[in-house]
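Encoded as structure tokens, the structure appears first; notes follow it.
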Amino acid sequence: MSNIIFRNEVGPAVEVLRLSKDGIWANPEIPVDEAAQAVLAAIDLNIKLLVKKAIEAEREACAELAFNAKTYFEAAAAIRARGQP
């Protein structure tokens, strides 16, 4: 990926900000506050999606451990041991 492009959320999609190997470009027609809000909203959405995917993956991994365990205590110990060095 060579570019990260932020677009506004309201109305027709307009490029607000672009990050690339050549530098940063900001749309001069978009007020700075509006551009900042668009970028923050996009970052917020991406963080929420990443966290949701991580939670789902962890839930599935724990479910598999529990399913393969012979007892409740074995399942609990295996789940608690996840992520320990």
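Residue numbers (the numbering used here): 90 to 174. A virtual CB, placed ideally from N, CA and C, is assigned to each residue, including glycine.
Exercise. Quick one: using the 10 Å Cβ neighbour count with 16 as the cut-off for buried, is Asn97 buried or exposed?
Key: Burial call: buried.
Practice problem: Would you kindly check if the distance between the Cβ of Leu106 and the Cβ of Ala124 is under 8 Å? | Solution: When the beta-carbon positions are compared, Ala124 and Leu106 come within less than 8 Å of each other.
Exercise. Would you mind reading off the limits of the alpha helix (DSSP H) that contains Glu153?
Key: Its alpha helix (DSSP H) spans residues Val121 to Asn157.
Quiz prompt | Residue closest to Asn92, alpha-carbon to alpha-carbon, out of Asp111, Ala164 and Glu149 | solution = Considering only alpha carbons, the answer is Asp111.
Quiz item: Ends of the beta strand (DSSP E) at Glu118?
Solution: Premise fails: Glu118 is in no beta strand (DSSP E) and is neither H nor E.
Quiz prompt | Whether Ile144 touches Ala155 by CB criterion (8 Å) | solution = No, these two residues do not count as a Cβ contact at 8 Å.
Exercise. Locate the alpha helix (DSSP H) running through Glu163, then write down its first and last residues.
Key: Element bounds for Glu163: Tyr161 to Ala170.
Quiz item: How long is the line joining the alpha carbons of Val121 and Ala115, rounded to whole angstroms?
Solution: Cα to Cα, the separation comes out at about 9 Å.
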